[in-house]
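Asker: Pasting in a structure now, in structure tokens, and then I'll have a few things to ask.
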Amino acid sequence: MHLLLLILYPMILLEKILKPDIIGSLSSGLCLIHCAVTPFLFMVNVSTVSCCNPIPIWWQLINYLFLAVSFAAVFSVVKKSTKRWLIIALVSSWTLLLVAILIETFEMMMIPEVLNYIPAFCLIALHLYNQKYCKCEDCCSH
Numbered sequence: 022m023h024l025l026l027l028i029l030y031p032m033i034l035l036e037k038i039l040k041p042d043i044i045g046s047l048s049s050g051l052c053l054i055h056c057a058v059t060p061f062l063f064m065v066n067v068s069t070v071s072c073c074n075p076i077p078i079w080w081q082l083i084n085y086l087f088l089a090v091s092f093a094a095v096f097s098v099v100k101k102s103t104k105r106w107l108i109i110a111l112v113s114s115w116t117l118l119l120v121a122i123l124i125e126t127f128e129m130m131m132i133p134e135v136l137n138y139i140p141a142f143c144l145i146a147l148h149l150y151n152q153k154y155c156k157c158e159d160c161c162s163h
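Laid out in structure tokens, this is it:
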């Protein structure tokens, strides 16, 4: 609970300065870059790989940082949106991204890397759509 408050409080402050859609798009975009760069970083560092896990814990934790920021942005947009399809699409995309990252972290099964990118691309597109076409401030409360 305290971790959630530590994540949401800065998001509330940032929401006063930036729109949640901008934060969500940026977070998802940085997540994509993080995922795309990972294989190249570790191919370069092959000589320093430990015996069992080639990906350091701190690098894997960045995935969860992006998820937390993305969750806060999606949560903020969902609170104000009147478009039901957009709410469903945002929550579904975030959930799929969470599942993909959990599968990758715990190595439950092998999935194509592209399946990690699809929900992140969807989150970016949905946040950009919401930013452009859903310009309602206080009128969107449920």
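Using our numbering, read the sequence shown as starting at 22 and increasing by one per residue.
Note that beta-carbon positions come from the ideal geometry of N, C-alpha and C, so glycine has one too.
(1) Who are the near neighbours of Leu-136 in its chain, counting only those whose CB is closer than 7 Å to its CB and skipping five residues on each side?
(2) Is the Cβ-Cβ distance between Ile-139 and Gly-50 less than 8 Å?
(3) Can you name the start and end residues of the alpha helix (DSSP H) that Ile-109 belongs to?
(4) Rounded to whole angstroms, what's the CA-CA distance from Leu-82 to Arg-105? Just pull it up for me.
(5) For Ser-68 and Ala-57, I'd like the C-alpha separation in whole angstroms.
(6) Going straight from the alpha carbon of Ile-44 to that of Ser-113, what length do you get?
(7) Should Ala-141 and Leu-53 be called a contact, given that it needs their Cβ atoms to be closer than 8 Å?
(8) When the Cα atoms are used, what is the spatial distance from Lys-40 to Ser-97?
Answerer: Inspection of the coordinates gives the following:
(1) As a first step, residue 136 is located in the sequence shown; it is residue number 115 there, counting from the start. Once the five neighbours on either side are set aside, the close Cβ partners of Leu-136 are Ala-121.
(2) In the sequence shown, residue 139 corresponds to position 118, counting from 1. In the sequence shown, residue 50 corresponds to position 29, counting from 1. For Ile-139 and Gly-50, no; Cβs fall outside 8 Å.
(3) Position 88 of the sequence shown, counting from 1, holds the residue named residue 109. Segment 105-127, the alpha helix (DSSP H) holding Ile-109.
(4) Here the question's residue 82 lines up with position 61 in the sequence shown. Here the question's residue 105 lines up with position 84 in the sequence shown. One C-alpha to the other measures close to 32 Å.
(5) For this step, residue 68 is matched to residue 47 along the sequence shown. For this step, residue 57 is matched to residue 36 along the sequence shown. Reliability of the predicted coordinates at Ser-68 is poor, the pLDDT of 48 falling under 50, and no value is obtained from them.
(6) Along the sequence shown, one-based indexing puts residue 44 at 23. Along the sequence shown, one-based indexing puts residue 113 at 92. Distance between the alpha carbons of Ile-44 and Ser-113 is about 18 Å.
(7) Residue numbering aside, residue 141 sits at position 120 when the sequence shown is read from its first letter. Residue numbering aside, residue 53 sits at position 32 when the sequence shown is read from its first letter. Yes.
(8) Walking along the sequence shown from the start, residue 40 turns up at place 19. Walking along the sequence shown from the start, residue 97 turns up at place 76. Their Cα atoms are separated by approximately 9 Å.
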